[in-house]
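Just so we're aligned: the sequence shown equals residues 3 to 118 in our numbering. Data block below; observations after.
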Amino acid sequence: MKKINFYTTVDGKCPIAEFLDSLNGKQAQKVAWVLQVIEELDVVPTSYLKKLVNTDGIWEIRVQNSGNIFRLLGFFEGDNLIILNHGFVKKTQKTPSKEIKIAEKRRKDYLLRKKQ
3 MKKINFYTTV DGKCPIAEFL DSLNGKQAQK VAWVLQVIEE LDVVPTSYLK
53 KLVNTDGIWE IRVQNSGNIF RLLGFFEGDN LIILNHGFVK KTQKTPSKEI
103 KIAEKRRKDY LLRKKQ
């Protein structure tokens with residue numbers, strides 16, 4: 003069984019919580035449902051969880067809710083722990099490199115602080 007944690011910055015901010023707070027009730031409910039599916043299923047369909055190619059170990063959680071597309075980016079720590087560190091509303095076909103770079107930067111920060 004997988005476990006999902008949210009990344010926290012050095013100054014105590016949680017980008018994922020802030021993103022979820024920006025959604026309306028139905029949108030947040032759908033995101034929560036998808037996160038639960040990912041935690042409970044041994045094999046998660048790629049329609050919900052997919053590794054992004056040409057990235058530094060970044061995975062995307064994919065959520066669709068009545069015409070809106072949301073992405074939560076993060077990485078695996080070990081086999082079953084997913085650290086989510088960035089969320090955004092997707093408006094283009096490809097995941098914007100700007101969004102991926104934010105997730106990669108936060109991943110490096112997380113791993114660096116964990117070593118200390």
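Just so you know, even glycine gets a beta-carbon here, dropped at the ideal spot from N, CA and C. No experiment lies behind these values; they were computed from the predicted model shown.
Taking a 10 Å sphere around the C-beta of T11, we find fewer than 16 other C-beta atoms and assign the residue as exposed. Fewer than three Cβ pairs drawn from the stretch 32 to 47 and the stretch 99 to 108 lie within less than 8 Å of each other, which leaves the two stretches out of contact. The C-alpha of I6 is placed about 13 Å away from the C-alpha of L43. Secondary structure of K53 (DSSP, three-state): strand. Note: R109 is not bridge-paired with any residue in the DSSP secondary-structure output. At the C-beta level, I71 and F77 stay beyond 8 Å of one another. Boundaries of the alpha helix (DSSP H) harbouring K32: G27 to E42, taken from the DSSP string.
In the DSSP secondary-structure assignment, K5 is bridged to L83. In this model, L25 and G59 are separated by some 27 Å (Cα to Cα).
Exclusion of the five residues before and after V39 leaves V46 and Y50 as the residues of its chain whose Cβ lies within less than 8 Å of its Cβ.
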